[in-house]
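Just so we're on the same page, the numbering used here is the position in the sequence shown counted from 1, plus 43.
For glycine and all other residues, C-beta sits at the position ideal for the given N, C-alpha and C.
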Amino acid sequence: MSNEPTLKRILTGARPTGPLHLGHYVGALENWVRLQDEYDCHFLIADYQALGDHLDDILGIRRSVLEVAIDWLAVGLNPEQSTFVVQSYVPEHAELAMLLAMVTPLGWLERNPTLKAEREQIEGDGEGARQQESSGRGERISVGFFTYPVSQAADIALPKAHLVPVGEDQIPHIEMTREVVRRFNRMFGDTFPEPEGLVGRVARLPGTDGQSKMSKSIGNAIYLKDDVETVNRKIRGMYTDPTRVRADIPAEPEGNPVFAYHDAFNDDKAEVNDLKDRYRQGKVGDVEVKQKLAVAINRFMDPIRERRTKYEEQPQAVAEILMEGSRNSKQVAEATMHEVREKMGILYLKDGGR
Ligand code: TRP
């Protein structure tokens, strides 16, 4: 088996820490589905990475591995065409992560803005956090968490990926990956391509509460697995323009999350334009704007729901898809690791140890 793919490769993935939502769809998943014909795609369920901040919920990770795979199948990722991989089933991820950690300066991790924001969130800056002696500052973040961007670089480098379609927050990790592989290539000879990042059509979908980002941890998300009733309820309760207390007040659709969703998901552009016009003139109520949005989002989600039902009925088949994909990916990984050891000159005993 050649280790140089004929098609260019994609490696991207998700941590199995809960269901995927509409923000994931427009930020990344949509690209993944679209690019399957053009690239040899490897989709990674990064369970080792998830341990970094979910060590106390391994059962949740376990549950979420299948849940994420089902979300992927539901949006139209095709395991006949693409490879689904569970990180821990290909231990070469850990081996390459360790080697790439050797070529990664500490400062690159300290400066990584996404990691920095996450570290601050975990450490907290409140008085309460400081008083808890058992896990004071310096004890809340594990070495494993701190170095996860290096393990992510290894995820990408292992199949020699060229393109990494991800959400906006992941871009600093792709930048760092480029620097890490450049450094590796310079030290040990050309081995890995420098991967490009690619962000989706809507880099940042607001939450239903109007906050700038849809997020599971904030609880402002519409999940790909939500049924019609749940979607209707979430949209009915959506945050809109708080200054518009009556339907006859003219207002701007820009910056209103209800219209942001219309733009992202309503394929009836004439309807969207009509709603925006009437909104600007004070001739439409929030209720109608939301009702039409709920219809549009449910229309968008119906084919996803249909595919989901099929897979939910056969979890064993989904598990098989992950096993088979992991097996295939392991062959690629073994070939890369052999090349890496060779290039680094650490096959010490090859010629009888001389
Ligand atoms: N950090 C990514 C996330 O939280 C998941 C991930 C792990 C990943 N390894 C990757 C994404 C490699 C792209 C490439 O969603």
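Contact test: residue i Cβ vs the ligand TRP heavy atom, cutoff 7 Å
i, result
"residue 213", "yes"
"residue 54", "yes"
"residue 221", "no"
"residue 198", "yes"
"residue 63", "no"
"residue 89", "yes"
"residue 118", "no"
"residue 58", "yes"
"residue 209", "yes"
"residue 18", "The first residue shown for the chain is 44 and the last is 397, placing residue 18 beyond what the model contains."
"residue 324", "no"
"residue 195", "yes"
"residue 92", "yes"
Cross-strand partners of residue i (DSSP beta bridge)
i, result
"residue 214", "Per DSSP, none; premise fails for residue 214."
"residue 127", "86"
"residue 56", "87"
"residue 64", "266"
Beta-carbon proximity of residue i to residue j, cut-off 8 Å
i, j, result
"residue 248", "residue 69", "yes"
"residue 222", "residue 151", "yes"
"residue 343", "residue 308", "yes"
"residue 51", "residue 149", "no"
"residue 63", "residue 72", "yes"
"residue 112", "residue 350", "no"
"residue 88", "residue 59", "yes"
"residue 333", "residue 380", "no"
"residue 92", "residue 130", "yes"
"residue 198", "residue 61", "no"
"residue 74", "residue 318", "no"
"residue 163", "residue 184", "no"
"residue 76", "residue 119", "yes"
Residue interval of the beta strand (DSSP E) (run including residue i)
i, result
"residue 208", "206-209"
"residue 69", "Unbroken run through residue 69: none, as it is neither H nor E."
"residue 86", "83-88"
"residue 239", "239-242"
"residue 261", "Counting along the chain, residue 261 falls outside any beta strand (DSSP E), and DSSP gives it neither H nor E."
N-terminal and C-terminal residue of the alpha helix (DSSP H) that residue i is part of
i, result
"residue 362", "358-387"
"residue 188", "186-189"
"residue 344", "329-355"
"residue 270", "Counting along the chain, residue 270 falls outside any alpha helix (DSSP H), and DSSP gives it neither H nor E."
"residue 316", "312-324"
"residue 114", "101-118"
"residue 164", "156-166"
"residue 307", "300-308"
"residue 245", "Counting along the chain, residue 245 falls outside any alpha helix (DSSP H), and DSSP gives it neither H nor E."
"residue 139", "135-146"
Interface flag, residue i vs chain B, CB-CB below 8 Å
i, result
"residue 301", "Reference to chain B is not applicable here, since this structure consists of a single protein chain."
Pick from the options that is closest to residue i, judged by C-alpha positions
i, options, result
"residue 189", "161, 325, 380", "161"
"residue 354", "52, 277, 110, 140", "110"
"residue 233", "59, 387, 64", "387"
"residue 383", "314, 201, 370, 78", "201"
"residue 340", "396, 313, 362, 271", "271"
"residue 84", "198, 141, 204", "204"
"residue 230", "138, 145, 209, 197", "145"
"residue 95", "158, 356, 289, 391", "158"
"residue 196", "305, 237, 290", "237"
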